[in-house]
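Be aware that the sequence shown starts at 368, since it is given in our numbering, and climbs by one per residue. Cβ atoms here follow ideal geometry from the backbone N, Cα and C, with glycine treated the same way. Bear in mind the structure is a predicted one, so any value in this text is a computation, not a measurement. Only one structure is covered here, and it is reproduced in the block below.
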Amino acid sequence: MKEKDTMKYRSKVKNTVLITIAAAGAVVFFTILPGCSRAVPSEKEVRQIEEAAPAEATAVPVQPRKLLVFTRHEGFKHSSIPYATRAIELMGQKTGAYEVVVSKDMSSFSPENLAQFDAVFFNNNTQLKFEDPVLRQSLLDFVKGGKGVVGIHAATDNFYNWPEAAEMMGGLFDGHPWNSDGTWAVKIDDPDHPLTAAFQGEGFKINDEIYRTKAPYSRENLRVLLSLDMADTTNLNAKDVRPSDKDVAISWVRSYGQGRVFYCSLGHNHHLFWNPAVLRHYLDGIQFALGDLAADATPSLDIALAATAAYEYGQSREPLTELGNILQSAYDSPEVLGRIQQRLLELLQSEATLAGKQFICKQLSIFGTEEAVPVLATMLTGATTSDMARYALERIPGSAVDGAFRKALPKARGKVKVGIINSLGQRRDRQSVATLRPLIHDNNATVAMAAVAALGRIADPQATEALAEARGKTTGKLRQLVLDSYLKCADQLVIQGEQRRARTIYQQLYVSSEPVPIRAAALRGLILADAGKAVEEIVNVLRGGDPDMEPVAIGLVWKIPKAQNITALTGELGNLSVAGQVQLLVALADRDDPACLDAALAATGSDNADVRIAALKALAALGDDSTVSLLAQAAASGSDAEREAARESLNRLRGPETNTAIVAGIPQADPKVKAELVRSAGERRISSAVETLLKTAKDQDPDVRTESIKALKFIADPDELPALIGLLIQAPDDAERQEAEKTVVAVAHKIPRKDRQAKAVLDALRPVKDTIVRGSLLQVLGKIGDSKALPTLRKALKDRDAEIKLAAIRALSDWPTAEPLADLLTVARTSDNEIHRVLALRGHIRLTGLDSDRPEAETLRLYQEAMGLASAASEKKMVLSGLGNVGTVAALELATGYLDDSELQQEAEAAVGMIARSIASDHPQETREALEKVLQVTENDQLRGQIQQFIDQMK
368 MKEKDTMKYR SKVKNTVLIT IAAAGAVVFF TILPGCSRAV PSEKEVRQIE
418 EAAPAEATAV PVQPRKLLVF TRHEGFKHSS IPYATRAIEL MGQKTGAYEV
468 VVSKDMSSFS PENLAQFDAV FFNNNTQLKF EDPVLRQSLL DFVKGGKGVV
518 GIHAATDNFY NWPEAAEMMG GLFDGHPWNS DGTWAVKIDD PDHPLTAAFQ
568 GEGFKINDEI YRTKAPYSRE NLRVLLSLDM ADTTNLNAKD VRPSDKDVAI
618 SWVRSYGQGR VFYCSLGHNH HLFWNPAVLR HYLDGIQFAL GDLAADATPS
668 LDIALAATAA YEYGQSREPL TELGNILQSA YDSPEVLGRI QQRLLELLQS
718 EATLAGKQFI CKQLSIFGTE EAVPVLATML TGATTSDMAR YALERIPGSA
768 VDGAFRKALP KARGKVKVGI INSLGQRRDR QSVATLRPLI HDNNATVAMA
818 AVAALGRIAD PQATEALAEA RGKTTGKLRQ LVLDSYLKCA DQLVIQGEQR
868 RARTIYQQLY VSSEPVPIRA AALRGLILAD AGKAVEEIVN VLRGGDPDME
918 PVAIGLVWKI PKAQNITALT GELGNLSVAG QVQLLVALAD RDDPACLDAA
968 LAATGSDNAD VRIAALKALA ALGDDSTVSL LAQAAASGSD AEREAARESL
1018 NRLRGPETNT AIVAGIPQAD PKVKAELVRS AGERRISSAV ETLLKTAKDQ
1068 DPDVRTESIK ALKFIADPDE LPALIGLLIQ APDDAERQEA EKTVVAVAHK
1118 IPRKDRQAKA VLDALRPVKD TIVRGSLLQV LGKIGDSKAL PTLRKALKDR
1168 DAEIKLAAIR ALSDWPTAEP LADLLTVART SDNEIHRVLA LRGHIRLTGL
1218 DSDRPEAETL RLYQEAMGLA SAASEKKMVL SGLGNVGTVA ALELATGYLD
1268 DSELQQEAEA AVGMIARSIA SDHPQETREA LEKVLQVTEN DQLRGQIQQF
1318 IDQMK
């Protein structure tokens, strides 16, 4: 951890052991040098460390080993230092792997003192400078001469002014976005390596502070063992994570001269030192550094390169991914990339597989430089290597690449030649035009077409001249490609600002003798080359009466600058074909130009229905308050399609006064138009229309009344509930009353407090005597779902009037929670009215299936009782449908019991399948037996296949 001195360690760690490793005792001796004082972990913590420490060393020491544990810090002091020291001591004590000497004195690194040790353990040191050159050289000689270095956690927070030591350790601290409070996913980069055996090949999550490491960190020198899993969203989304944080190594080994280095960034939090897997990893790393545990320190890059060189198509791409990740992590270091590029080029010149070489070329296409050109150039003329080399070269900047392509072209044949021509075109190499020009007439048609396409991409004056000449000397498909490439030259001239020259080419191609697609592209070019003449060009085409060009010209209307006057264009609307008028109306609407309004209005009076519909639709974008009346009239009359188009436009119509115009037009409109205006007021959510609509809800016309009630559902506030309930009470028929019910429920639900939503309805219900109205209000209470209405509904269940009882049953059956479950069950058990009994049972089944906190066993009991009360198959099917959501063995047994009932078999099969999915992992035997019974009886082949697959997966 690297924090400011003012920070306090606040992390509350947990005693969490991720992986368990057995432990037993052994003997070790350790010494504390004079002047080295340290805090000691508590007795309980020491016992935890002792229990977690490995019982035996992985390797038997070749000779007695001595380990210097260095604890000095010149920067931030980690509170875990004494924990690490004690853990290292105890591991040596239990396993006999080494003797420990603890020191924080720089003189420990004197040549004469260091000679007694086999390895140095840097324990969370910070800001060590090693200012004495003698001590610096002593440490380097120590390691290079065949000894070892171990570093944990902050060991990389040193040597900022000593490059050799930073190189030795493997990198420098660069922050810790993954702080000590978090739990982070770790992946095993090298699961077969001896030093990762503790983790048994499985990634894990750990609570610790993880360091980011900067250069000289590189996998070209290090064998990375563990790293952060940056595919994990928690890791990726940690605060201060950078886009470049793709390779966050945690643990590695390396060779340094004749010596060995092991580093692990774990070790900030205290509890790490009683984690068995972490301690085993430390011990194995120490034994590697001491020279007792043989382990491969070949750098990760070397391994990835070797695996890539041997890769064959169809094999696991894991080594390729590893190499790609190494390259990606080095993108910010040109020096490292340069060295890796050289290694890749060596592989391209080796006996590496074609699949491996292809992957290397793909990587070179991303970061390759001109230094790669000579090697890639040698691959250009090879039948098996040309495509991969071209892929890389096409993306590498620099004139050397173009020269390599030009040099290879005369030597190439067949497909290889075509590929090189394509690459020259892709790179727009002007110097190749002289070579490509004669190839237009090559005997090989594929070569000729490739040359034409390349010249079209190059599109310089010489290429343009060559294509202009070829236009008159080619035929068939080749000429079509010449014309297309010639157009590309004109397009390039527009980009370069040479509109005049571009228009010359477009005009040459916009002649009746050329194919329609070429003429269409040329017309588009003419408009793009001179937008100021866009209207003129389009109008000229429309007046020309060319049916092929009419849709093309109209399709270019959107290219006309908004500032241009298009009166001349809209004036042509009536002269076009029906399809042309429809297309132009759509184009005018897309322009959203009020100047087009008159044309659209005129088109609404067309003799053709398609034109009228297109005009009505266009008014949604072009119209304003002045078109409200016209649209309402159209919505009230005409064909269904016209009415729908008018309604949609009326609803979408913009303008600051549009809503006002709609509301103002309602009172005096005739009934059909009034109904449309009312409908639009609701669709547009015009809140200012409430007062007007409350009046029209009492209109003499039934359609106006119904539309008013529907609209009020969207715009009325709870304050209007008494008036809305009055509309329900006064409704002359069932249809209107049902709409009023929906509106009252919707507006009541707008009341924020649920326990007040039913008050207005309850108040209105008391004086009502009419059975139909009372029943209606009771059902409204059920849909509102306010618990304060339950006493009223329960009382209604006991009413003498059967219709009132029925309404209460329906209301309780609609309840949004299971609260009235018992009431419905009582009716289902006791009622002598068959209709009441059946409806109550259905309501009971529905409410049983709602989300609740009751135990699944109780839910099952309720379904069992419902099944017992059900006399008809329809109710039993409802029970089975709900039963599928009860994840218990008892529910599975109940559903299985109905597989032999022909009326219920399909529903029983579905229920068994649903339950099986939820309990299979905990009850595999019962699940398999039930599913096998389904297989015996089902006639559904698709279901049989799904169940058999599920059973096979269980095995």
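Among the options, the one whose alpha carbon lies nearest that of residue i
i, options, result
"residue 938", "1230, 903, 780, 923", "903"
"residue 764", "992, 1269, 738", "738"
"residue 495", "463, 1103, 536", "536"
"residue 851", "866, 883, 1134", "883"
"residue 849", "705, 1099, 859, 819", "819"
"residue 663", "634, 541, 698, 621", "621"
"residue 836", "618, 875, 862", "875"
Chain-order list of residues whose beta-carbon lies under 6 Å from that of residue i (same chain, five-residue window excluded)
i, result
"residue 1038", "1068, 1071"
"residue 1306", "none"
"residue 392", "Here the model assigns residue 392 a pLDDT of 32, short of 50, so the residue's position is not dependable, and the following value carries that caveat. Excluding residues within five positions, the ones whose Cβ falls inside 6 Å are 461."
"residue 641", "415, 416, 419"
"residue 928", "898"
"residue 1195", "1204, 1207, 1208, 1211, 1236"
Exposure of residue i, with buried meaning 16 or more beta-carbon neighbours within 10 Å
i, result
"residue 1066", "buried"
"residue 534", "buried"
"residue 707", "buried"
"residue 702", "exposed"
"residue 476", "buried"
"residue 932", "exposed"
"residue 680", "exposed"
"residue 1292", "exposed"
"residue 408", "buried"
"residue 1276", "buried"
"residue 974", "exposed"
"residue 1188", "buried"
"residue 808", "exposed"
"residue 568", "exposed"
Where residue i sits in the DSSP three-state scheme
i, result
"residue 602", "helix"
"residue 444", "coil"
"residue 571", "strand"
"residue 1080", "helix"
"residue 778", "helix"
"residue 1121", "helix"
"residue 412", "helix"
"residue 946", "helix"
"residue 680", "coil"
"residue 1294", "helix"
"residue 615", "coil"
"residue 488", "strand"
"residue 1186", "coil"
"residue 763", "coil"
Proximal residues to residue i (C-beta, below 7 Å), its chain only, five neighbours per side dropped
i, result
"residue 399", "With a pLDDT of 39 at residue 399, under the threshold of 50, the predicted position of this residue should be treated as unreliable, though the coordinate-derived value follows. Contacts found: 469."
"residue 1052", "1081, 1082"
"residue 830", "800, 822, 856"
"residue 1209", "1180, 1242, 1245"
"residue 1295", "1318, 1321"
"residue 952", "967, 970, 981, 982, 985"
"residue 1313", "none"
"residue 404", "Any answer about residue 404 is weak, because its pLDDT of 40 lies below 50 and its placement is not dependable; what the coordinates show is given next. Here the set comprises nothing."
Contact set for residue i: own chain, Cβ-Cβ below 8 Å, skip 5 residues either direction
i, result
"residue 1015", "984, 987"
"residue 918", "946, 947, 950"
With three or more C-beta pairs closer than 8 Å as the rule, is the stretch 597-617 touching the stretch 469-487?
Result no; under three Cβ-Cβ pairs closer than 8 Å.
Are the stretch 424-438 and the stretch 651-665 in contact at 8 Å, needing three or more beta carbon pairs?
Here the stretch 424-438 lies against the stretch 651-665, with 3 or more beta-carbon pairs under 8 Å apart.
Can you confirm whether the stretch 1209-1222 touches the stretch 1171-1189 when touching is taken to mean that 3 or more C-beta pairs between the two stretches lie within less than 8 Å?
Touching, yes.
Would you call the stretch 559-569 and the stretch 518-530 in contact, with 3 or more CB pairs under 8 Å?
In short, these stretches do not touch, since the Cβ pair count stays below three.
Could you check whether the stretch 687-706 touches the stretch 501-519, counting it as contact only if at least three pairs of C-beta atoms, one from each stretch, sit closer than 8 Å?
No, they do not touch.
Touch test, the stretch 566-586 against the stretch 492-511, Cβ-Cβ under 8 Å, three pairs minimum
Flag = no, the stretch 566-586 and the stretch 492-511 do not touch.
Check whether the stretch 765-774 touches the stretch 793-808, taking contact to mean three or more Cβ pairs, one atom from each stretch, closer than 8 Å.
With a cut-off of 8 Å on Cβ pairs, the stretch 765-774 is in contact with the stretch 793-808, counting three or more such pairs.
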